[in-house]
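Report on the following structure.
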Amino acid sequence: MPASIGPLEITGAALFTLAVLHTFSTRYFEHLAHTRTAHAGVWHLLGEVEAVFGFWAFVLILFMALAYGWGASSLYLESLHFTEPMFVFVIMVIAASRPVMQLAGDSVSAVGKLVPAAPATAGYFLSLSLVPLLGSLITEPAAMTLAALMLRDRIFASGASNRLRYATLGVLFVNVSVGGTLTNFAAPPVLMVAAKWDWTTAFMLSNFGVKATLAVLINAIGVTLLFRRELSARATEPAARSHPRVPPQFVLLNAMILAAVVFTNHLPEAFMGLFLLFLGLSEAYRRHHDRLMLREGLMVAFFLAGLVVLGGQQRWWLQDVLSRLDETTLFYGAAALTAITDNAALTYLGSLVEGVSEDYKYALVAGAVAGGGLTVIANAPNPAGFAILKDHFDEQSISPFGLFAAALVPTVVAVACFRGIRGPIAEIVDWELWAQWFAQLDRSFLFLLILPFVVAAVGLWAHYLQGSKAGK
């Protein structure tokens, strides 16, 4: 822990804590929007998960401007990198376009013929397995967008039960976080460290590939078998569109633009130029496009930009903690920390620690991707899936507590695959090991680590009591 902590560091940590609490409280604000209609607009704004971190980031910048002057706040903003929010916005809009969705749908339907299940159920399984694994090629944000749109049309729009919706969402978030680790450029937490640590795609395939694929398949097969009866009744093939199919040459052109954007994912000048080309083509050939997801993409980018601004003030405690953990405690600590911070920020801060071993590097990244589905802030693509699917939940809002609970089992599967194949999985129930880890943590950090789990437990208990009263 730094010897001197100033008002800015304390304020930054406090606002980050408030933002985390706000994330877990959005469903309450959405409820107020439906019951207190006089100020419904304000409640809707506070109930938008995508607006949470952007809102508190504005508060932080305002505090810096008042306390230290506008020059200090502007210098702080200039020191940050917003490439990831920009890229997620661009890739989300392009991946959700009709030409790309037609190509993805045709590919899933072709592979689905090889799956021994009804076409609709096979499509559900592949949306949770094949598409997340394709994220290693088309990037995780694109995979999240494609999978969420397919699941929306196949499951969520057909009146699925609340249990199926949340279970699907939990598996989707975990599988996308894990499925992008077969290459060194597709998963944000891997991209943050690949260049510094010389991690090539061959390295990722040999060290993460089999484990990630196994975790994705186990989770997808498990949820498909668990809800097989409801899926047989609810799952539907996407309805035929009233408009004609997009010509193959136009699909190919859009696929090439998507590939070029993926290739230039670290060069905002390049992929923003490609995005402008895509917008021009979509306007010129409007008959081959549906409504572009510009609003949803901008909201997701706003969320991630706010996370970058607030996350930049957490380095003083995060980096210190990561530097003092051994390989085993680092793995589980990274998996738990993703509940309160973006896993890409986590791996980036860990990469700043010099002289670490290869085991340290593996534990940091494996733990970060394994825990990437616990909350909407855990992994950069999660807000994209959240924005696409939230309208199909009660009160057009996804309960953070429901997501947390639904993602726990898939997360344990990912932890078992990444840790169990490499080392003894029995350590996960070694209470003495856990006690040693907690004993070496700073109390302020321990509070921030435990906070979301306590809030989630209280929220789940409140939902249980509310359901019991409704049943009487």
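Taking my numbering, the leading residue of the sequence shown gets 646, the next gets one more, and so forth. Each residue gets a CB set at the ideal place from its N, CA and C atoms; glycine is no exception.
Compute the Euclidean distance between the alpha carbons of residue i and residue j, then round it to the nearest angstrom.
i, j, result
"Met849", "Thr826", "7 Å"
"Tyr930", "Ala787", "22 Å"
"Gly942", "Tyr713", "33 Å"
"Arg993", "Pro834", "Residue 993 is actually Tyr in this sequence, not Arg. Their backbone Cα atoms lie some 7 Å apart in a straight line."
"Phe1049", "Gln894", "43 Å"
"Phe1135", "Ala717", "In the structure displayed, the chain extends from 646 to 1117; residue 1135 sits before or after that span and is not available."
"Phe669", "Phe700", "15 Å"
"Tyr1005", "Ala767", "39 Å"
"Val697", "Met737", "20 Å"
"Val1060", "Val966", "21 Å"
"Leu705", "Phe770", "43 Å"
"Gly1068", "Leu926", "Model confidence at Gly1068 stands at a pLDDT of 47, short of 50, so the residue's coordinates are unreliable and nothing is read from them."
"Tyr673", "Gly692", "7 Å"
"Trp688", "His679", "9 Å"
"Met731", "Ala946", "6 Å"
"Gly757", "Ser1002", "43 Å"
"Leu903", "Leu937", "15 Å"
"Phe948", "Val855", "32 Å"
"Thr784", "Ala831", "4 Å"
"Asn820", "Trp715", "42 Å"
"Val896", "His684", "45 Å"
"Lys1035", "Phe734", "18 Å"
"Leu939", "Glu1077", "50 Å"
"Gly657", "Leu955", "7 Å"
"Gly824", "Ala857", "6 Å"
"Thr682", "Ser851", "56 Å"
"Leu690", "Leu677", "11 Å"
Considering Cα atoms alone, identify which of the options is closest to residue i.
i, options, result
"Leu921", "Val945, Arg932 and Asn899", "Asn899"
"Ile1033", "Arg874, Gly1016 and Leu814", "Leu814"
"Ala632", "Asp798, Gly918, Arg810 and Phe895", "The structure shown does not extend to residue 632, since the chain spans only 646 to 1117, so no value can be given for it."
"Ser774", "Gly686, Gly867 and Tyr1005", "Gly867"
"Arg743", "Ile1022, Pro889 and Tyr811", "Pro889"
"Gly1030", "Thr671, Val694, Thr656 and Ser719", "Val694"
"Leu604", "Ala664, Val735, Ala710 and Gly1017", "No information on residue 604 is available, as it lies outside the stretch 646 to 1117 that the chain covers here."
"Pro1055", "Thr671, Arg810, Ala865 and Ala749", "Ala865"
"Pro987", "Val998, Glu1003, Leu963 and Val1001", "In the sequence as displayed, the identity of residue 987 is Asp instead of Pro. Comparing Cα-Cα distances from Asp987 to each of Val998, Glu1003, Leu963 and Val1001, the minimum goes to Leu963."
"Tyr1007", "Val945, Pro913, Ala839 and Phe872", "Ala839"
"Val953", "Ala1025, Phe923 and Ser968", "Ala1025"
"Ile655", "Leu897, Gln958 and Phe853", "Gln958"
"Ala763", "Pro1045, Arg874 and Val945", "Arg874"
"Gly1047", "Val1021, Pro1028, Val1058 and Ser752", "Val1021"
"Ala710", "Leu653, Arg969 and His911", "Leu653"
"Phe872", "Ala847, Glu928, Ser803 and Arg810", "Arg810"
"Leu782", "Asn829, Arg797 and Gly804", "Asn829"
"Val1058", "Ala847, Ser1044, Leu677 and Ser822", "Ser822"
"Gly995", "Ser851, Glu1077, Met837 and Val891", "Met837"
"Gly804", "Ala765, Met944 and Ala878", "Ala878"
"Arg797", "Ala755, Leu759, Pro761 and Gly750", "Gly750"
"Leu660", "Thr671, Leu707 and Leu677", "Leu707"
"Val891", "His934, Leu924 and Ser851", "His934"
"Pro761", "Arg799, Leu870 and Thr682", "Leu870"
"Met944", "Pro1028, Leu677, Phe818 and Leu720", "Pro1028"
Return the chain-ordered list of same chain residues with a C-beta closer than 8 Å to the C-beta of residue i, the five sequence neighbours on each side being excluded.
i, result
"Asp1039", "Asn807"
"Val753", "Gly768, Leu771, Ser772, Leu775, Val776 and Met795"
"Glu729", "Pro833, Leu949, Val953, Ala989 and Ala1025"
"Ile650", "Trp961"
"Ala812", "Val868, Leu871, Phe872 and Ala1051"
Residues in the same chain with beta-carbon distance under 6 Å from residue i, minus the five sequence neighbours each way, listed in chain order, please.
i, result
"Val776", "Ala788, Leu791 and Ala792"
"Ser913", "Sequence check: residue 913 is Pro here, not Ser. Within the same chain, Pro913 has close Cβ partners Thr728 and Met731."
"Phe853", "Thr826"
"His1037", "Phe801"
"Phe923", "Ile739 and Ile902"
"Ser1044", "Arg672"
Using a Cβ-Cβ cutoff of less than 7 Å, which residues in the same chain neighbour residue i once the five nearest sequence positions on both sides are dropped?
i, result
"Leu794", "Ala741, Met746 and Ile1033"
"Ile1070", "Any reading at Ile1070 must be qualified, since the residue scores a pLDDT of 47, below 50, and its modelled position is unreliable; no value is offered."
"Val816", "Leu773, Asn864, Ala865, Val868 and Pro1055"
"Leu1019", "Thr983, Ala984, Phe1049, Ala1052 and Thr1056"
"Ala915", "Thr909"
"Leu779", "Ala788"
"Leu748", "Val896 and Ala900"
"Leu663", "Trp701"
Is the CB of residue i under 8 Å away from at least one CB in chain C?
i, result
"Gly692", "Within the model displayed, chain C is absent; a lone protein chain is all it includes."
**Prompt:** With contact counted as at least three CB pairs below 8 Å, one residue from each stretch, are the segment 1003 to 1012 and the segment 978 to 993 in contact?
**Reply:** yes
**Prompt:** Would the segment 834 to 848 and the segment 859 to 871 be scored as touching if the rule is three or more Cβ pairs under 8 Å?
**Reply:** no
**Prompt:** Are the segment 716 to 735 and the segment 968 to 976 touching, with three or more C-beta to C-beta distances below 8 Å?
**Reply:** no
**Length-filtered (3 minimum) beta strand (DSSP E) runs lying within the segment 851 to 917** = none
**Message:** At 4 residues or longer, what runs of the alpha helix (DSSP H) sit wholly inside the segment 762 to 790?
**Reply:** 764 to 773 and 775 to 783
**Start-end ranges of the alpha helix (DSSP H) lying completely within the segment 652 to 701, minimum 4 residues** = The qualifying runs are 652 to 668, 671 to 680 and 685 to 692.
**Request:** Can you check the segment 803 to 832 for any alpha helix (DSSP H) of at least 4 residues that lies completely inside it and give the ranges in chain order?
**Result:** 807 to 824
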